[in-house]
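In my numbering, the protein residues as written are 6 to 105. All C-beta atoms in this analysis are idealised placements derived from N, C-alpha and C, irrespective of residue type, glycine included. Predicted model only: the values in this text are computed from it and were never measured.
If you want it as structure tokens, here you go:
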């Protein structure tokens with residue numbers, strides 16, 4: 006990785022992605038309210054929080070990853086970031102285009 010991006014650039018790019026997710030992540034009162042109301046709404050409150058709030062965080066992450074991939078540091082080094090899903094987990098995958 007050190008040959009692709011400087012450590013400073015990598016930390017800046019990852020911090021931008023993390024900040025976009027944290028800013029859109031459901032707040033504690035929202036999450037608690039949906040959990041407390043779950044029995045009364047037959048689970049609808051939990052689904053709304055999951056669908057609305059988490060999808061908002063996901064869209065913000067995707068938009069930030071697109072901006073990060075379009076940044077000069079990524080374009081020059083050929084590095085791309087990608088949000089990957091598998092069952093109930095997700096992670097950021099960092100890859101590099103093979104150059105000839």
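Where does residue 85 fall in DSSP's three states?
strand
At 4 residues or longer, what runs of the alpha helix (DSSP H) sit wholly inside the region 22-73?
33-42 and 49-53
Give a yes or no on contact between the region 78-85 and the region 31-42, applying the rule of three or more CB pairs nearer than 8 Å.
no
How would you write the range of the beta strand (DSSP E) that residue 100 sits in, first residue to last?
94-101
Please classify residue 18 as buried or exposed, where buried requires at least 16 other C-beta atoms within 10 Å of its C-beta.
buried
Mind checking residue 47: buried by the 16 CB within 10 Å criterion, or exposed?
exposed
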